[in-house]
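Contents: one structure, followed by commentary.
There are 6 protein chains.
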Amino acid sequence: MPIVTIQQFPRPLEQKRELARRITEAFVEVYGTKEEAVQVFFSEIDGEGWAKGGVMGCDKTDK
Amino acid sequence: MPIVTIQQFPRPLEQKRELARRITEAFVEVYGTKEEAVQVFFSEIDGEGWAKGGVMGCDKTDK
Amino acid sequence: MPIVTIQQFPRPLEQKRELARRITEAFVEVYGTKEEAVQVFFSEIDGEGWAKGGVMGCDKTDK
Amino acid sequence: MPIVTIQQFPRPLEQKRELARRITEAFVEVYGTKEEAVQVFFSEIDGEGWAKGGVMGCDKTDK
Amino acid sequence: MPIVTIQQFPRPLEQKRELARRITEAFVEVYGTKEEAVQVFFSEIDGEGWAKGGVMGCDKTDK
Amino acid sequence: MPIVTIQQFPRPLEQKRELARRITEAFVEVYGTKEEAVQVFFSEIDGEGWAKGGVMGCDKTDK
Chain A
1 MPIVTIQQFP RPLEQKRELA RRITEAFVEV YGTKEEAVQV FFSEIDGEGW
51 AKGGVMGCDK TDK
Chain B
1 MPIVTIQQFP RPLEQKRELA RRITEAFVEV YGTKEEAVQV FFSEIDGEGW
51 AKGGVMGCDK TDK
Chain C
1 MPIVTIQQFP RPLEQKRELA RRITEAFVEV YGTKEEAVQV FFSEIDGEGW
51 AKGGVMGCDK TDK
Chain D
1 MPIVTIQQFP RPLEQKRELA RRITEAFVEV YGTKEEAVQV FFSEIDGEGW
51 AKGGVMGCDK TDK
Chain E
1 MPIVTIQQFP RPLEQKRELA RRITEAFVEV YGTKEEAVQV FFSEIDGEGW
51 AKGGVMGCDK TDK
Chain F
1 MPIVTIQQFP RPLEQKRELA RRITEAFVEV YGTKEEAVQV FFSEIDGEGW
51 AKGGVMGCDK TDK
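This is the structure:
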């Protein structure tokens, strides 16, 4: 622990790498967690697997 | 909020579109939630990623 | 399957009862799922366990 | 219920088949659950979707 | 990894202790995972937070 | 989106407040997400609901 699961649109590896680094750093600095204890999972989903306001992401015109 | 995560077998987009619409409508009518606050995630998994009664979906004969 | 997990603020039982009924009905009508196959989990969280826009729910003035 | 969701690296079907069988057996023997009530979901993620200690799995040298 | 999340009715500690031991053992024997890498989370929910077949657990007569 | 779910031991509100602020900031700066789109859920669990290496948290002597 802690285990962090992120539901998001697909992102390039370099952005996920940087985000995981910063989130881990936040746990270390704010909670005093050991770095190795922090795990981050990226659960990526595209516009055919997600809806907001009852409209699928792939159908939105103002995404 | 609310965030709705659905674990299911893969389904065609038009069925997910209709389901997301109806689930969102249910939140609006029953909870009084604003439509835009409802997000639905479809986490689709096939018969090689799911088991029931100790038997993988892909091995079932009476699915 | 399907398994539906809802992350939401705490709600009265009668609202959850009605919502579960309507969500289940949506699966039966849209997917043709058997009613008994649909399970709904309510994962309720209060304003001390949720943040939006970097602000905890309990600190919001315009919730 | 119970619903078991496993976040893991991808594994061959035969290993998942055996694991699901053993986990289900554990519920039946320890909790007295009916076999058919146990569902297991494998949420598989590769080294580009998971980080530990702030380092993506695909960047680790000592995985 | 692996991370195991179990959605279940509340159970006594001694049953969860035995179940966690057996699930961990299954990963070690079937996947060859190191014991320390296996984490199990029990997400317990009662009959007011779960529905099956559109009926809340607390309303069922044949639970 | 993104939706961030954190499985962790219980923590004081002020630590969660600071963590949510920093995680949200990371999404804004790394992904260019709008601040309001980021939601963080804290799913807190104690030593009777979590096991590592087959041992419940409440039974560990070297936690």
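Chains as they are written, first to last, in the UniProt record's numbering: chain A, 1 to 63; chain B, 1 to 63; chain C, 1 to 63; chain D, 1 to 63; chain E, 1 to 63; chain F, 1 to 63.
Beta carbons: idealized from backbone N, C-alpha and C, even for Gly.
Shown here, residue 3 of chain F sits in a strand according to DSSP, grouped into three states.
Among the residues facing chain F, residue 38 of chain A is not included, as its CB has no counterpart in that chain under 7 angstroms away. Between residue 38 of chain E and residue 19 of chain D a beta carbon distance of about 11 angstroms is seen, past the 8 angstroms cut, so the two are scored as non-contacting. The three-state secondary structure of residue 40 of chain E, taken from DSSP, is strand. With 16 or more other CB atoms across the displayed protein chains lying within 10 angstroms of its CB, residue 52 of chain B is buried. Against residue 11 of chain E, chain F offers no close residue; the least beta-carbon distance is about 10 angstroms (beta-carbon pairs closer than 8 angstroms). Beta-bridge pairing by DSSP links residue 55 of chain E to E/52.
In terms of Cβ geometry, residue 54 of chain A and residue 35 of chain B form a close pair [threshold 7 angstroms]. By the rule that beta-carbons nearer than 7 angstroms mark a contact, residue 6 of chain F does not touch chain B. Residue 9 of chain D: not part of any alpha helix (DSSP H); DSSP gives it neither H nor E. Going by beta carbons, residue 42 of chain B and residue 16 of chain B fall inside the 7 angstroms limit. The C-alpha of residue 12 of chain F lies about 19 angstroms from the C-alpha of residue 4 of chain F.
Not a single C-beta of chain C is nearer than 7 angstroms to the C-beta of residue 27 of chain F.
Looking at the backbone, the Cα of residue 33 of chain A and that of residue 25 of chain F are separated by about 20 angstroms. For residue 27 of chain F, the closest C-alpha among the options A/27, A/23, A/46 is that of A/23. Cβ atoms of residue 8 of chain B and residue 2 of chain C come within 8 angstroms of each other, at about 4 angstroms. With respect to the C-alpha of residue 49 of chain A, the residue from B/45, B/59, B/61 having the closest C-alpha is B/45. CA-to-CA, the gap between residue 6 of chain D and residue 60 of chain D works out to about 22 angstroms. Residues of chain C with a Cβ closer than 7 angstroms to the Cβ of residue 18 of chain B are, in chain order, 30.
Listed along chain B is no residue with a C-beta nearer than 8 angstroms to that of residue 33 of chain D; the closest approach is about 10 angstroms. With its beta carbon at least 7 angstroms from every one in chain F, residue 23 of chain B lies outside the interface.
Listed by position along chain C, the residues whose Cβ is nearer than 8 angstroms to that of residue 44 of chain F are 49. Separation of residue 21 of chain D and residue 14 of chain D (C-alpha to C-alpha, rounded to the nearest whole angstrom) is 11 angstroms. Interface residue (Cβ-Cβ distance to chain B less than 7 angstroms): residue 57 of chain A is not classified as such. Under the Cβ distance rule, residue 52 of chain E counts among the residues neighbouring chain C, one pair being separated by less than 7 angstroms.
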